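Colleague:
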Amino acid sequence: MGNANHKVEAAAPTNALIASVPPSEEQPKKLKPCCACPETKRARDTCIIENGEENCQHLILAHKECMRKAGFNI
Numbered sequence: 001m002g003n004a005n006h007k008v009e010a011a012a013p014t015n016a017l018i019a020s021v022p023p024s025e026e027q028p029k030k031l032k033p034c035c036a037c038p039e040t041k042r043a044r045d046t047c048i049i050e051n052g053e054e055n056c057q058h059l060i061l062a063h064k065e066c067m068r069k070a071g072f073n074i
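For the sequence shown, full-length UniProt numbering gives the first residue as 1, with consecutive numbering after it.
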């Protein structure tokens, strides 16, 4: 039983440390390029598969613009 109390005591400082971190210092979740602009990505990919890249430039440009608006350097 002595070991059980020791484990609980060791966990207490960790919880106190986590609780003491102010929310402003937490890192915001970053959007991954693969998950950004799913609508334009899907339309672009479908068009390229069915019609070829040369016939889908308008959708390719629309997806690039969406990615730029999401903060990606395309």
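Just so it is clear, CB atoms sit at the ideal spot from N, CA and C, and this is done for glycine as well. Computed from a predicted structure; not experimentally measured.
Q57 to T46, Cα distance in whole Å?
Modeller: On the sequence shown, residue 57 is found 57 positions in, with the first residue counted as 1. On the sequence shown, residue 46 is found 46 positions in, with the first residue counted as 1. C-alpha separation (whole angstroms): 13 angstroms.
Colleague: Please report the distance separating the alpha-carbon of C34 from that of I49.
Modeller: Within the sequence shown, the letter at position 34 stands for residue 34. Within the sequence shown, the letter at position 49 stands for residue 49. Answer to the nearest angstrom: the Cα atoms are 18 angstroms apart.
Colleague: Does the separation of the CB atoms of K30 and H63 fall below 8 angstroms?
Modeller: Numbered from its first residue, the sequence shown carries residue 30 at position 30. Numbered from its first residue, the sequence shown carries residue 63 at position 63. No, Cβ-Cβ distance for K30 and H63 is not below 8 angstroms.
Colleague: Tell me the rounded alpha-carbon separation between A70 and E39.
Modeller: On the sequence shown, residue 70 is found 70 positions in, with the first residue counted as 1. On the sequence shown, residue 39 is found 39 positions in, with the first residue counted as 1. For A70 and E39, the distance between alpha carbons rounds to 13 angstroms.
Colleague: So, at 7 angstroms on beta carbons, what are the nonlocal neighbours of I74 in its own chain, with the 5 sequence-adjacent residues on each side left out?
Modeller: Locating residue 74 in the sequence shown gives position 74, counting from the first residue. Cβ neighbours of I74 beyond the five flanking positions: K64, M67, R68.
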